[in-house]
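Residues 10 to 161 (our numbering) are what the sequence shown spells out, left to right.
Notes follow once the structure below has been shown.
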Amino acid sequence: MLITQILKYDRQLNELAKSDQTVRRLMTVPGVGPITALAFTSTVDDPCRFKRASDVGAYLGLTPRRYQSGELDRTGRISKRGDRLTRYYLFEAANVLLKVVRRGSPLRTWGLKLAKRIGPKKAKVAVARKLATILHCIWTDGTQFDWGKAST
């Protein structure tokens, strides 16, 4: 009974994703599936309300928390503001991009280099923030993801 309900909802979400042109374009990004694309579009709602595409990462809580007082200036963990579920989905999309997707892209190459330098978890957060920026640009421009040439 429960499994049939889950399958029914899964089919409905897939049909909803296929029927929306914007969601289909967002799904061209590696690691981003129908659930992530739908969550992103429902969270952002209107992409024109962001002045810059990089503001979306801050809106979703994917930027470092800052503590500044007098001479003290500390950078902490991510701020975790905004929609928790969309942030989680973007983090998982970054994980899929770095670990599962085998096709090379400049984004994947950058993420793997970053993972070697600063660690895998911080790199996944940085890739998730960049994915949010890319998704916003794709939504506003009306383009699809450009795989480009992967640098070796």
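Virtual Cβ for every residue (Gly too), placed ideally from N, Cα, C.
Burial state of residue i, where buried means 16 or more other Cβ atoms lie within 10 Å
i      : result
Ser139 : Before going on, a small fix: residue 139 reads as Lys here, not Ser. By the neighbour-count rule (16 or more Cβ atoms within 10 Å), Lys139 is buried.
Leu107 : buried
Tyr76  : exposed
Gly66  : buried
Lys11  : Correcting the residue type first, residue 11 is Leu in the shown sequence and not Lys. Its Cβ having fewer than 16 others within 10 Å, Leu11 is exposed.
Gly40  : buried
Arg117 : buried
Val109 : exposed
Val78  : The sequence as given places Ser at residue 78; Val does not occur at that position. By the neighbour-count rule (16 or more Cβ atoms within 10 Å), Ser78 is not buried but exposed.
Pro43  : buried
Helix, strand or coil at residue i [DSSP, three-state]
i      : result
Thr129 : Going by the sequence as given, residue 129 is Pro instead of Thr. If DSSP states are grouped into helix, strand and coil, Pro129 belongs with the helices.
Gln153 : coil
Arg86  : strand
Spatial distance of residue i from residue j (CA atoms)
i     : j      : result
Leu71 : Arg96  : 7 angstroms
Asp64 : Val53  : 11 angstroms
Asn23 : Ser88  : 31 angstroms
Ala62 : Gly151 : 14 angstroms
Best match in the options for proximity to residue i [C-alpha to C-alpha]
i      : options                        : result
Asn104 : Met10, Lys27, Glu24 and Thr45  : Thr45
Arg93  : Ala62, Tyr68 and Leu121        : Tyr68
Val134 : Leu22, Gly151 and Tyr98        : Tyr98
Ala124 : Cys57, Val136, Gln14 and Lys60 : Val136
Gln153 : Glu24, Thr13, Gly113 and Leu35 : Leu35
Pair every Cβ in the segment 145–155 with every Cβ in the segment 37–56, then say whether three or more of these pairs are closer than 8 angstroms.
-> Proximity of the segment 145–155 to the segment 37–56 meets the contact definition, three or more beta-carbon pairs being nearer than 8 angstroms.
Any 3 or more C-beta pairs closer than 8 angstroms across the segment 22–37 and the segment 123–141 = By the criterion of at least three beta-carbon pairs nearer than 8 angstroms, the segment 22–37 is not in contact with the segment 123–141.
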